[in-house]
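In my numbering, the protein residues as written are 850 to 1403. Positions of the beta carbon are idealized from the N, C-alpha and C atoms, including for glycine. In this text the structure is predicted, and so the values were computed from the model without any measurement. See structure below.
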């Protein structure tokens, strides 16, 4: 944990395992907190009760502390908020009876001397059917409330009493409109639970949590649809995705309209951001506009994206933070991290860190490179190590030969094919860029000077067609996609060669793990990858050309 050194106390943390990406933030925050703690070797550790100025714990102080955090309410406040909601009176009256605990639950019926066969709740058949257990605490209905918490992104412990729970839902959101809709959903949830309970008792219906959730989603939508004039959300959008995510872009755009004085034409607009595609789809449906189909990421690498965006740098930042958190980085580690940052910056047309700007129309196709060059050893690359046993970090002679054969396949087939297609896309893009202004200039000059009107109309029409193909077909984007694909296979080749060139087997990545990762990246199983290597070796010995590509994904 730590020791007293010459400079004082020094923390020495050792993690039981490598941290996951989502744990790095908490680990770094923990290290910062412990670094601020000053220790004294002359004093003994002791606990201090923070609720008392003296620091001494007592039962009375603990009781007062708990009481101070309890939720106090006035019953009339909850009832007043209930009757302000505009929904059918039958639903309001049922919620009003529940808040007063006047519904005909089995516990209330037995209290009024009504004979029943049993007092157990039909959902679970384990506890007495009280109002709290029926609607809130039964493990059968808890998934409904968990689902609601996931929609509104509010992870908190829910109260077990109906009035407390209702008031808690009233205060979850800040805006009045959000609070009102959450009250409506709360009433719909309890109404759906009660209806399902009656169906099980009187109609012998089975318990189905999915139907319960669907009913709780449909009821508030039907109420809002009938009672609110401005509510126009279709049910397929209301039920399939959390509404709070789709409302956010509308709020932002409406705020922009108010500030700027402009009016956005949603029917002629396209919605697209660097985010989850599913969220983009539902946001576009909610805004009633088209979705901007744009391949922001290809093979895991962002392309045609502003390099200032976080989506470009987040993976590299996470990797560097992981290396810093789980070990002591050396000078070489820092140099490697800087090289990775510079290499990623140079992969985009307009570097942010002062690199040379990429040519828009290079002389020939070159694969993209977003990683630093490997420092391979000067040994003979074709030399295979003399591996005498099978306990060598997952490596053996057959695996090395398999890796070499697969590299030869995607160098001869996949990389050459992407290079050929990239050169074609480059030539087409050059032709469009040159011909469109030329045809437009011919049409403009012809309109000034007298000439054949057919030629002018033809030149103008061709210029329009060329511009449509250039921008609508995204030829430049296709060229960047081919560059990224070529870079993917080049990175795969250098990674495998660097592993094979490392003569110390303990310093290599596990051979079986590399084989599995390579198979997944090529869209194959491990057995299919081995079959490909065997087929490539036999074709090479027989002098035949292999017709199969290494990658089955692209």
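{"query": "Neighbour-count burial assignment, residue 992, 16 or more Cβ in a 10 Å radius", "result": "exposed"}
{"query": "Secondary structure of residue 1375, DSSP reduced to three states", "result": "helix"}
{"query": "Where the alpha helix (DSSP H) containing residue 1254 begins and where it ends", "result": "1246 to 1259"}
{"query": "Residues near residue 1006 by beta carbon distance below 6 angstroms, same chain, minus five either side", "result": "none"}
{"query": "Identity of the residue in 1386, 1260, 970, 1038 nearest residue 1059 by Cα", "result": "1038"}
{"query": "Sheet register partners of residue 977 (DSSP bridge)", "result": "969"}
{"query": "CA-to-CA distance, residue 1401 to residue 1317, given in whole angstroms", "result": "32 angstroms"}
{"query": "Residues near residue 1049 in its chain [Cβ-Cβ closer than 8 angstroms; skip 5 each side]", "result": "971, 972, 1055, 1056"}
{"query": "Alpha-carbon to alpha-carbon, residue 1294 and residue 1303", "result": "14 angstroms"}
{"query": "Nearest-angstrom beta carbon gap, residue 931 and residue 958 [assumed within contact, 8 angstroms]", "result": "Incorrect: roughly 24 angstroms between the Cβ atoms, too far for contact."}
{"query": "Whole-number beta carbon distance between residue 1264 and residue 1335, since they are thought to touch under 8 angstroms", "result": "6 angstroms"}
{"query": "Rounded C-alpha distance that separates residue 1183 from residue 1193", "result": "16 angstroms"}
{"query": "C-alpha gap between residue 1388 and residue 1330, whole angstroms", "result": "31 angstroms"}
{"query": "8 angstroms Cβ cutoff met for residue 937 and residue 981", "result": "no"}
{"query": "Given residue 1220 as reference, the closest of 1286, 1196, 1243 once Cα atoms are compared", "result": "1196"}
{"query": "Whole-angstrom distance between residue 951 and residue 1017, CA atom to CA atom", "result": "21 angstroms"}
{"query": "Beta-carbon gap between residue 1340 and residue 1367 smaller than 8 angstroms", "result": "no"}
{"query": "Contact set for residue 1080: own chain, Cβ-Cβ below 7 angstroms, skip 5 residues either direction", "result": "1073, 1074"}
{"query": "Beta carbon of residue 1252 nearer than 8 angstroms to that of residue 1349", "result": "yes"}
{"query": "Other residues of its chain near residue 1311: CB distance less than 7 angstroms, five sequence neighbours each side excluded", "result": "1288"}
{"query": "Cβ distance (whole Å) where residue 1280 is taken to contact residue 1292 below 8 angstroms", "result": "Not really, about 18 angstroms apart at Cβ, beyond 8 angstroms."}
{"query": "Of the listed residues 1273, 1283, 852, 1179, nearest to residue 1332 (C-alpha basis)", "result": "1273"}
{"query": "Nearest candidate by alpha-carbon position, reference residue 1244, set 1345, 1383, 1266", "result": "1345"}
{"query": "Exposed unless 16 or more other CB atoms sit within 10 angstroms - verdict on residue 911", "result": "exposed"}
{"query": "Coarse secondary structure for residue 1050, derived from DSSP in three states", "result": "helix"}
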